[in-house]
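Here the sequence shown is numbered in the numbering used here, starting from -16 and rising by one per residue. By construction, the Cβ of each residue, glycine as well, lies at the ideal position given by its N, Cα and C atoms.
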Amino acid sequence: MKGISVIIPTIHRTDFVLNTLEDLSKQKFEFAYEVLVVDQSNVIDQEVKDFCATVNNMKYYHITFFKGLPEARNFGAANSAYEMLLFLDDDIKCESNLLKEHYAVLQQSDIGVVAGGITEKFEKNKDTKTGVFNKLKAHPLGGFHIKAKKEVDHARGCNFSVKKSVYDEVGGVDENLTVGAALYEETDFCLRVKKGGYKIYFNYDAHIYHLVAPTGGCRVEEIDKYIYSLSRNKTIIISRYLPLLFVFSAKLYLLRLIISYAFAYKSFSVFKAYNKGVCEGKKVGRLPVKRSYA
């Protein structure tokens, strides 16, 4: 069905979600659209649920049987009504043209994903090559605050859209990456889209301001758990997508990164977490994409 389904995973961020929904309720878009809030908070967020009940095209789901960004995105996609999917974070501000700008670019037959513009509202926006996947480091570069319209390697998870047919074709977001902060799950998804023969296009005008809520979400506070997630998921990316020529340099970069964390936190237990993450990442990298909701 012609239109856009906007999917917003959230955990314990009432005020931020309400502001995001307020902006989305004011979209100037000629086609139909819906907003699906996938709330994984411990208890029902009554304020958000009540807000959604007052707007015809907003739906609120309170989920207790999983907790993770990939699962929330797959659940939202499975319950969506329209031909295009737009994934947003719960802590964003946007103008009334956001849906229009995403939809216009997705009309091109060879484009599978649109990477939207992202300006960090309260953090430094580092200038770099927009949307490039650095194979030497197995690292996705940002730069989505730079005004441009061009083909890129990947999108950031807080603002990207995709044709639903393409989403289904590549298997959705891989739930194997649901560990800790679910790092690199959108990178993995975008690299599969490119392997499928589709382009990823950056449209700055499909722009949001990312507010970076200080609490809630899927953060991992303990450094050892973060290092485990980082090492595990980056190893999955290395094993799945890097030519042999770049594997050594990417592994070396990861180890150097872990060493810097060890010195910064004065904790050598991070090496144990790193080793565990790498070992598991090698195993998971050989597994097929996991999608529970389709």
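Item: Could you check the C-alpha separation between THR3 and LEU228 for me, to the nearest Å?; Value: 43 Å
Item: Compare the beta carbon distance of ASP74 and LEU194 with 7 Å and say whether it is the shorter of the two.; Value: yes
Item: Need the endpoints of the beta strand (DSSP E) that GLU84 sits in, please.; Value: Looking at the DSSP string, GLU84 is not in any beta strand (DSSP E); the run it does join, the alpha helix (DSSP H), is 81 to 89.
Item: So GLY260 and ARG223 are in contact, right, with Cβ under 8 Å, and what is the actual spacing, rounded?; Value: Going by Cβ atoms, the distance from GLY260 to ARG223 rounds to 15 Å, so no, they are not a contact pair.
Item: Compare the C-beta of LYS32 against all C-beta atoms of chain B and say whether one is closer than 7 Å.; Value: Here chain B cannot be found, since the structure has a single protein chain.
Item: Specify the secondary structure class of TYR124 as computed by DSSP and reduced to three states.; Value: Looking at the sequence shown, residue 124 is not Tyr but Leu. Coil, per DSSP.
Item: From the DSSP output, in three-state form, read off PHE58 for me.; Value: helix
Item: Do the region 113 to 125 and the region 168 to 184 make contact, defined as three or more Cβ pairs closer than 8 Å?; Value: yes
Item: Given TYR65, which residues of its chain have a CB within under 6 Å of its CB, disregarding the five upstream and five downstream residues?; Value: MET(-16), GLY(-14), ILE(-13) and SER(-12)
Item: Grouping DSSP H, G and I as helix and E and B as strand, with all else coil, what is PRO(-8)?; Value: strand
Item: Specify the secondary structure class of THR262 as computed by DSSP and reduced to three states.; Value: Strictly speaking, residue 262 in this sequence is Cys, with Thr absent from that position. Helix, per DSSP.
Item: Taking 8 Å as the cut-off, does the region 78 to 88 touch the region 151 to 165 (at least 3 CB pairs, one atom from each stretch)?; Value: no
Item: Go to ASP188, then tell me how far its beta strand (DSSP E) extends in each direction, as first and last residue.; Value: 182 to 193
Item: Can we say the region 257 to 277 touches the region 206 to 215, given the rule of at least three CB pairs closer than 8 Å?; Value: yes
Item: Taking 7 Å as the cut-off, decide whether the C-beta atoms of ASN186 and GLU106 are in contact.; Value: no
Item: Taking C-alpha atoms, which residue in VAL18, LEU52 and LYS42 lies nearest to ASP157?; Value: LEU52
Item: Helix or strand or just coil, what does DSSP make of LEU174?; Value: helix
Item: Buried or exposed: which applies to ASN39, given that a residue is buried once 16 or more other Cβ atoms fall within 10 Å of its Cβ?; Value: exposed
Item: Contact defined as beta carbons within less than 8 Å: I believe ILE191 pairs with HIS137. What is the distance between those atoms, to the nearest angstrom?; Value: The pair is not a contact, with the Cβ atoms about 17 Å apart (cut-off 8 Å).
Item: Counting along the chain, where does the beta strand (DSSP E) carrying ASN142 start and finish?; Value: 142 to 146
Item: Leaving aside the five residues before and after SER275 along the sequence, list all residues of the same chain whose C-beta is less than 7 Å from its C-beta, in chain order.; Value: GLU54, ASN57 and GLU158
Item: From which residue to which residue does the alpha helix (DSSP H) around ALA196 run?; Value: Looking at the DSSP string, ALA196 is not in any alpha helix (DSSP H), and its letter there is neither H nor E.
Item: Does the Cβ of ILE221 have 16 or more other Cβ atoms within 10 Å, making it buried, or fewer, making it exposed?; Value: buried
Item: Provide the residue span of the alpha helix (DSSP H) that contains PHE34, from first to last.; Value: 29 to 37
Item: With DSSP as the reference, label ALA231 as helix, strand or coil.; Value: With the sequence shown as reference, residue 231 is identified as Phe, and Ala is not the correct amino acid for it. Correct three-state label for PHE231: helix.
Item: Shortest alpha-carbon distance to LYS118 belongs to which of ILE241, PHE231 and ILE(-6)?; Value: PHE231
Item: Using DSSP bridges, identify the partner residues of ASP22.; Value: THR(-7) and HIS45
Item: Looking at the secondary structure, which residues open and close the beta strand (DSSP E) in which LYS132 lies?; Value: 132 to 135
Item: Is the CB-CB distance between ALA189 and GLY99 below 7 Å?; Value: yes
Item: Compare the Cα-Cα distances from ARG139 to each of VAL153, ALA131, TYR181 and VAL96 and report the closest residue.; Value: VAL96
Item: Span of the beta strand (DSSP E) holding LYS289?; Value: Any question about residue 289 goes unanswered here, given that the chain covers just -16 to 277.
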